[in-house]
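Take a look at the structure set out below.
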Amino acid sequence: MEATTIVSPFVEGTKLQYAWDSTSLTWLKECPRKYQYSMIDGYQSKMKSIDLDFGSAYHSGIELYEHCRQAGDDHDTALSEVVLAALRSTRTWTNDDPNKNRETLLRSLIWYLEEFHEDNAKTLVLANGRPAVELSFKMQLDFGPEIGPNYILCGHIDRLVEFIGQRYVLDHKTTKNTLSPAYFSGFEPNNQMTLYTFASKVVFATLVKGVIIDAAQIAVGFTRFERGVTLRTEGQLEEWLNDLKSLLRRNEEYVAVNYWPMNDTSCRICQFKKICSKDPKVRQMFLDADFERRQWNPLIPR
Amino acid sequence: MTLSPTEINRIMELDPLELTRDGPEIQALIAIYRERRTQYKSGVKTEKVKTEKKLLSLDDLGDLNL
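Sequence order for the protein chains is A and B. Quick note on our numbering: the first sequence kicks off at -19 and runs consecutively. Quick note on our numbering: the second sequence kicks off at 107 and runs consecutively.
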């Protein structure tokens, strides 16, 4: 049996990352120290994140629905397939969280698919006949570090859609927060949304105007949906790419001196706040006690 | 058909590997969540009880021991 080779996102034998996704880029943009702990050292919270599990199950349900419809199933059949699959994939979940649990997942999937099954945002169909959902992409940039290959941008796009004559990336978000203009303004500017727009234009060779955000507010007693659109101009994409070049050059400097400085204006919601507030001499001990090592690898497709 | 919310709990506790797409349990779940969505859309049990805001007058400042 052939073993699967896991390709490292780092240049071999170095701490220089060459394959970047929106998660690792966001860590570096927020705080180089956070990036070091999360990406270089691979420290992740020991607590299993219900937010991640819920989001992943929600995405899988919508993806399955799209595949069923593309294969010719009607709405009711596809919905039944989604409900059964969701029940099966979550059978080990404990319902500890009042907002995000098995029951609210089923409710949210059924309500979303009921609301949007005759959606004006039509999923594009790829050349191979499959719906353009859950697309993993990888693209090489025209610049790179002095050592190693050119930089690579990679990630996963939920859906590519056509909406009122224009093409967009469609991204699903689940949140416990109230969906308000303030919620959607958080995506403008936003690293992930700009990266997705940029990558979609290049990788899928399609004129993407921006990202449609289908947000679901998961409350205890209801799920509410709101759709927001965030557009990116050519100028904004070019600016983002220039900033990326500058950021990655700075990271090369951090690698050269093996030091990622702390951005102490970005600690408010950081999971490493407790670590960084300790004396540097004892931080390693607390890191090992409070976190576990799980390497994030942008190159692993979903 | 009105289904009891306890029906959800009963179905959730079944082994999902024993269930089938077109079986009565999956159809019952879909039916109850459809019904709940209709209720939510029509405002049933979704209205928040707003607490009344009291307008303070200058006389009320006396109670604050300023």
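Backbone N, C-alpha and C define an ideal beta-carbon position, used for all residues, glycine too.
For residue i, which residues does DSSP report across the bridge?
i                      : result
residue 134 of chain A : A/118
residue 102 of chain A : A/142
residue 208 of chain A : A/193
residue 240 of chain A : None, per the DSSP bridge assignment.
residue 188 of chain A : A/147
residue 290 of chain A : Nothing can be reported for residue 290 of chain A: it is not among the residues displayed for chain A, which extend from -19 to 282.
Going by DSSP in three states, residue i sits in which element: helix, strand or coil?
i                      : result
residue 160 of chain B : Confidence at residue 160 of chain B is low in this model, with a pLDDT of 48, below 50, so its placement is unreliable and the value that follows should be read with caution. Coil at residue 160 of chain B, not helix or strand.
residue 271 of chain A : strand
residue 25 of chain A  : strand
residue 175 of chain A : helix
residue 14 of chain A  : helix
residue 150 of chain A : strand
residue 119 of chain B : coil
residue 258 of chain A : coil
residue 110 of chain A : coil
residue 60 of chain A  : helix
residue 142 of chain B : helix
residue 197 of chain A : strand
residue 290 of chain A : Outside the modelled stretch of chain A, which goes from -19 to 282, sits residue 290 of chain A, for which no answer is possible.
residue -1 of chain A  : strand
residue 155 of chain A : strand
residue 112 of chain B : helix
residue -7 of chain A  : coil
residue 125 of chain A : coil
residue 7 of chain A   : helix
residue 164 of chain A : helix
residue 181 of chain A : helix
residue -18 of chain A : At residue -18 of chain A, the pLDDT of 47 sits below 50, so the modelled position is not reliable; the number obtained from the coordinates is stated separately. In the structure shown, residue -18 of chain A sits in coil (DSSP, three-state: anything other than H, G, I, E or B).
residue 68 of chain A  : helix
residue 246 of chain A : coil
residue 135 of chain B : helix
residue -12 of chain A : coil
residue 127 of chain B : coil
residue 172 of chain B : Confidence is the limiting factor: at residue 172 of chain B the pLDDT is only 41, short of 50, which leaves the residue's position unreliable, though a coordinate-based value still follows. Residue 172 of chain B falls in the coil class under three-state DSSP.
residue 148 of chain B : coil
residue 277 of chain A : coil
residue 170 of chain A : coil
residue 265 of chain A : helix
residue 54 of chain A  : coil
Do residue j and residue i count as a contact pair if the criterion is CB distance below 8 Å?
i                      : j                      : result
residue 26 of chain A  : residue 270 of chain A : yes
residue 19 of chain A  : residue 4 of chain A   : yes
residue 131 of chain B : residue 120 of chain B : yes
residue 156 of chain A : residue 79 of chain A  : yes
residue 0 of chain A   : residue 132 of chain A : yes
residue 178 of chain A : residue 220 of chain A : yes
residue 16 of chain A  : residue 240 of chain A : yes
residue 106 of chain A : residue 112 of chain A : yes
residue 136 of chain A : residue 282 of chain A : yes
residue 227 of chain A : residue 64 of chain A  : no
residue 40 of chain A  : residue 136 of chain B : no
residue 147 of chain A : residue 187 of chain A : yes
residue -13 of chain A : residue 217 of chain A : no
residue 119 of chain A : residue 183 of chain A : yes
residue 48 of chain A  : residue 250 of chain A : no
residue 102 of chain A : residue 142 of chain A : yes
residue -6 of chain A  : residue 235 of chain A : yes
residue 30 of chain A  : residue 77 of chain A  : yes
residue 55 of chain A  : residue 97 of chain A  : yes
residue 67 of chain A  : residue 104 of chain A : no
residue -8 of chain A  : residue 125 of chain A : no
residue -4 of chain A  : residue 128 of chain A : yes
residue 242 of chain A : residue 256 of chain A : yes
residue 22 of chain A  : residue 263 of chain A : no
residue 214 of chain A : residue 118 of chain B : no
If distances are taken between C-alpha atoms only, which option among the options comes closest to residue i?
i                      : options                    : result
residue 123 of chain A : A/22, A/276, A/-2          : A/-2
residue 94 of chain A  : A/281, A/204, A/179        : A/204
residue 160 of chain A : A/206, A/111, A/146, A/145 : A/206
residue 38 of chain A  : A/22, A/-8, A/198          : A/198
residue 180 of chain A : A/162, A/150, A/168        : A/150
residue 70 of chain A  : A/85, A/-13, A/194, A/45   : A/85
residue 167 of chain A : A/82, A/194, A/145, A/144  : A/194
residue 154 of chain A : A/67, A/196, A/127         : A/196
residue 148 of chain B : A/72, A/253, A/262, A/202  : A/202
residue 252 of chain A : A/267, A/261, A/53, A/-8   : A/267
residue 2 of chain A   : A/170, A/260, A/272        : A/170
residue 110 of chain A : A/62, A/52, A/162, A/83    : A/52
residue 130 of chain A : A/6, A/225, A/272, A/259   : A/225
residue 129 of chain B : A/254, A/259, A/57         : A/57
| For the 8 Å Cβ check, are there 3 or more pairs between the segment 209 to 224 of chain A and the segment 173 to 188 of chain A? | yes
| said: Count Cβ pairs between the segment 86 to 100 of chain A and the segment 133 to 147 of chain B that sit closer than 8 Å; are there 3 or more? | reply: yes
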